[in-house]
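Going down the list, the protein sequences come from chains A and B.
For the first sequence, the residue numbers in the working numbering are 1 to 90.
For the second sequence, the residue numbers in the working numbering are 91 to 308.
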Amino acid sequence: MSERRSKIDIIYDMLKAINDKGGKILPTHLLYKSNLSHKRMKEYLEHLMGKKLIEEISVKDKKYFILTEQGSKFFVDYMKIKEFTDAFGL
Amino acid sequence: MSYSVGMVALQGPNWFFGIDSVFELIGTITLLLIFLASYKAYKITDMKRYKYYSIAFLVLMIGHLSRTITNFAIHQNWFPIEELKNIFILGYGAHIVFTLAALVLLVSFAFEVKQKKSFCILLLLILSMLFISSSFYLAFYWAAFVMFGFIAWYLIQNARTKKIVTPKLVAVAFVFLTFTQLMFLGSSILPELYMGAHISQLLGFLILFIAMVKVQAR
Numbered sequence: 001m002s003e004r005r006s007k008i009d010i011i012y013d014m015l016k017a018i019n020d021k022g023g024k025i026l027p028t029h030l031l032y033k034s035n036l037s038h039k040r041m042k043e044y045l046e047h048l049m050g051k052k053l054i055e056e057i058s059v060k061d062k063k064y065f066i067l068t069e070q071g072s073k074f075f076v077d078y079m080k081i082k083e084f085t086d087a088f089g090l
Numbered sequence: 091m092s093y094s095v096g097m098v099a100l101q102g103p104n105w106f107f108g109i110d111s112v113f114e115l116i117g118t119i120t121l122l123l124i125f126l127a128s129y130k131a132y133k134i135t136d137m138k139r140y141k142y143y144s145i146a147f148l149v150l151m152i153g154h155l156s157r158t159i160t161n162f163a164i165h166q167n168w169f170p171i172e173e174l175k176n177i178f179i180l181g182y183g184a185h186i187v188f189t190l191a192a193l194v195l196l197v198s199f200a201f202e203v204k205q206k207k208s209f210c211i212l213l214l215l216i217l218s219m220l221f222i223s224s225s226f227y228l229a230f231y232w233a234a235f236v237m238f239g240f241i242a243w244y245l246i247q248n249a250r251t252k253k254i255v256t257p258k259l260v261a262v263a264f265v266f267l268t269f270t271q272l273m274f275l276g277s278s279i280l281p282e283l284y285m286g287a288h289i290s291q292l293l294g295f296l297i298l299f300i301a302m303v304k305v306q307a308r
C-alpha cells in the first residue's frame, strides 16, 4: 500500500532529484522525478527558492534549477531527518 | 541489600550501586541525542510533530536524570540519613511524573491522539491512579510497562514497513526497555531482577545510541 507523501518527503524527493543530476536539473525532469502536479511543483519551487535552497538559471536558452551551497547542506540535513523520521516512525 | 524508604524500594547487591548510576547516565545521554535530533528537525522543517517529539524526549530525559541523580546522591551519602526519605520522594516523584508524562505523549503520538484534552485526561487518570495506589513503585512500573509495550508494538509495525536497519534497531531497543519495566516491577519480589532490569535498560539504550549514531552518520 502506498502512503501519501508528507511535505518533508516531497522536499526530500525534489532535492534528491536535483542532487542525483549533479546539482542541476531541467524543470521537466524535476516534475517527472518529484511526481507532483505542475501546480504543486510550482508551489514547492517557490518555497525552496524563497529559502534560497535552489536557484533558477538559464544555460543556452534552457531553464535549469540548481542546488545552492545552502541547499546542498540542507539536503544532507534532510537525509538525516528522513532517516530519523523512518527510524522512529514519525 | 534491600534499601527501602517509604513508597520506593531499591533492590540489588551493594557492589552494583554506583554502577547502576553509570548505566543510567548512558541512557540520559542517548535520550539527549534523540531530543537534539528531533529539535534540530523541528528547527529545519518547522513541523509540529518534531516539536512534540523533542518535548517528549526532553521530558523523558529529565525523568531519567532525576532517578540517576537520586540514586547517585544516595549511594555517595551526599545527604544525612534523616534527609534520605525526602530526597527519595523528591527524586523518584520527579522521575515518575516526568517519565509518565513523556510516555503518555509518545503513546498519544504513536496512536495519533491529536486532542490535547485526551492527552491531559490520560495523564491525569494514570497519575491519580498512582496516588491512590497502595504501591507507587509497582503501579508506576506497571503503567510504564504497558505504555512502553504499546510504543514497542508501534515501532515493530513501523520497522516491518521499512527496508533500512535503523527502524529495526529502534524497535528492538524499545522491546528491551519494555521488559526492563517488567523486571523493575519484579525486583520487589526477586531482588536479583534489579540488576537484570538495569542490564536490559542499558542494552536498550545502547541499541538506541547505535541507531542515533547511524542516523547522524548519513
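Beta carbons are placed, not taken as given, at the ideal position from N, Cα and C, and that holds for glycine.
On the DSSP bridge list, what partners appear for residue i?
{"i": "residue 67 of chain A", "result": "A:54"}
{"i": "residue 59 of chain A", "result": "A:62"}
{"i": "residue 25 of chain A", "result": "A:65"}
My understanding is that residue i touches residue j, with C-beta atoms under 8 angstroms, so please give their C-beta distance in whole angstroms.
{"i": "residue 150 of chain B", "j": "residue 189 of chain B", "result": "6 angstroms"}
{"i": "residue 275 of chain B", "j": "residue 231 of chain B", "result": "4 angstroms"}
{"i": "residue 302 of chain B", "j": "residue 120 of chain B", "result": "7 angstroms"}
{"i": "residue 297 of chain B", "j": "residue 255 of chain B", "result": "Going by Cβ atoms, the distance from residue 297 of chain B to residue 255 of chain B rounds to 11 angstroms, so no, they are not a contact pair."}
{"i": "residue 18 of chain A", "j": "residue 30 of chain A", "result": "7 angstroms"}
{"i": "residue 198 of chain B", "j": "residue 212 of chain B", "result": "7 angstroms"}
{"i": "residue 270 of chain B", "j": "residue 294 of chain B", "result": "6 angstroms"}
{"i": "residue 34 of chain A", "j": "residue 13 of chain A", "result": "5 angstroms"}
Could you list which residues in chain B have their beta carbon closer than 7 angstroms to that of residue i, in chain order?
{"i": "residue 80 of chain A", "result": "305, 306, 308"}
Mind pulling the chain A residues with CB within less than 7 angstroms of residue i?
{"i": "residue 311 of chain B", "result": "With chain B represented from 91 up to 308, any question about residue 311 of chain B goes unanswered, as that position is not in the structure."}
{"i": "residue 248 of chain B", "result": "89"}
{"i": "residue 127 of chain B", "result": "84"}
{"i": "residue 301 of chain B", "result": "87"}
With a threshold of 16 other CB atoms inside 10 Å of the CB of residue i, please say whether the residue is buried or exposed.
{"i": "residue 117 of chain B", "result": "buried"}
{"i": "residue 260 of chain B", "result": "buried"}
{"i": "residue 257 of chain B", "result": "buried"}
{"i": "residue 169 of chain B", "result": "exposed"}
{"i": "residue 221 of chain B", "result": "exposed"}
{"i": "residue 20 of chain A", "result": "exposed"}
{"i": "residue 291 of chain B", "result": "buried"}
{"i": "residue 233 of chain B", "result": "buried"}
{"i": "residue 59 of chain A", "result": "exposed"}
{"i": "residue 86 of chain A", "result": "buried"}
{"i": "residue 22 of chain A", "result": "exposed"}
{"i": "residue 307 of chain B", "result": "exposed"}
{"i": "residue 157 of chain B", "result": "buried"}
{"i": "residue 108 of chain B", "result": "exposed"}
{"i": "residue 272 of chain B", "result": "buried"}
Quick one: list the residues of chain A neighbouring residue i, beta-carbon separation under 9 angstroms, in chain order.
{"i": "residue 254 of chain B", "result": "83, 86, 87"}
{"i": "residue 257 of chain B", "result": "86, 87, 88, 89"}
{"i": "residue 143 of chain B", "result": "88, 90"}
{"i": "residue 260 of chain B", "result": "87, 88, 89"}
Mind checking whether the beta-carbon of residue i lies closer than 7 angstroms to any heavy atom of the ligand NAD?
{"i": "residue 22 of chain A", "result": "In the structure shown, the ligand NAD is absent, as is every other ligand, since no ligand is present at all."}
Kindly list, in the order they appear in chain A, the residues whose Cβ is closer than 8 angstroms to that of residue i.
{"i": "residue 139 of chain B", "result": "90"}
{"i": "residue 245 of chain B", "result": "88, 89"}
{"i": "residue 182 of chain B", "result": "The contacting residues do not exist; residue 182 of chain B stays about 28 angstroms from chain A at best."}
Please compile the residues from chain B whose C-beta is within a distance smaller than 8 angstroms of the C-beta of residue i.
{"i": "residue 77 of chain A", "result": "130, 134"}
Problem - the stretch 111-131 of chain B in contact with the stretch 160-177 of chain B per 3-pair CB rule at 8 angstroms - result: yes
Practice task
Could you tell me whether the stretch 72-87 of chain A touches the stretch 122-136 of chain B, where touching means 3 or more Cβ pairs closer than 8 angstroms?
Solution key: yes
Handout entry: Segment contact flag, the stretch 270-286 of chain B with the stretch 40-54 of chain A, C-beta cutoff 8 angstroms, min 3 pairs
Key = no
Exercise for the section: Would you check if the stretch 137-147 of chain B and the stretch 163-176 of chain B touch, i.e. whether three or more CB-CB distances between them fall below 8 angstroms? Expected result: no
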